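If you read the sequence shown in numbering that gives the first Met the number 0, its first letter stands for residue 0, the second for the next number, and so on.
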Amino acid sequence: MKRKIITTGDGSKTIQIEEWNEQYHSKHGALQEALYVFIKSGLLHFLTTNKTKLSILEIGFGTGLNT
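Right under this line is the structure:
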């Protein structure tokens with residue numbers, strides 16, 4: 000499979016597999032992906048459910064680019 004490094008929407012770099020038109024990070028960028036995954040889907044959900052305790056678990060099986 001042929002891979003190439005591309006620049007995403009927020010200026011960060013990611014790897015693309017051309018045959019599948021797939022990227023490691025969102026084509027919008029690693030920053031936008033991290034904001035969606037960690038802030039919108041995590042922190043904002045926590046804040047809107049009125050919970051009193053916040054627990055965070057980061058397994059870290061990836062490359063660490065979003066941490």
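Glycine included, C-beta positions come from ideal geometry on N, C-alpha and C.
None of these values were measured; they are calculated from a predicted model.
Based on the DSSP output, what are the partners of residue i in its beta bridges?
i     : result
Lys12 : Thr6
Return the residue from the list the options that minimises the CA-CA distance to residue i.
i     : options                      : result
His27 : Asp9, Phe60 and Lys1         : Asp9
Asn20 : Ile38, Ser11, Gln31 and Lys3 : Lys3
Using the Cα positions of residue i and residue j, report the straight-line distance between them to the nearest angstrom.
i     : j     : result
Ser54 : Thr48 : 14 Å
Glu57 : Gln22 : 22 Å
Lys52 : Phe37 : 17 Å
Ile14 : Phe45 : 32 Å
In the structure shown, what three-state DSSP assignment does residue i receive?
i     : result
Glu21 : strand
Problem set entry | Runs of alpha helix (DSSP H) lying entirely within the stretch 30 to 60, each at least 4 residues, in chain order | DSSP runs (the alpha helix (DSSP H)) wholly in the stretch 30 to 60: 43 to 47.
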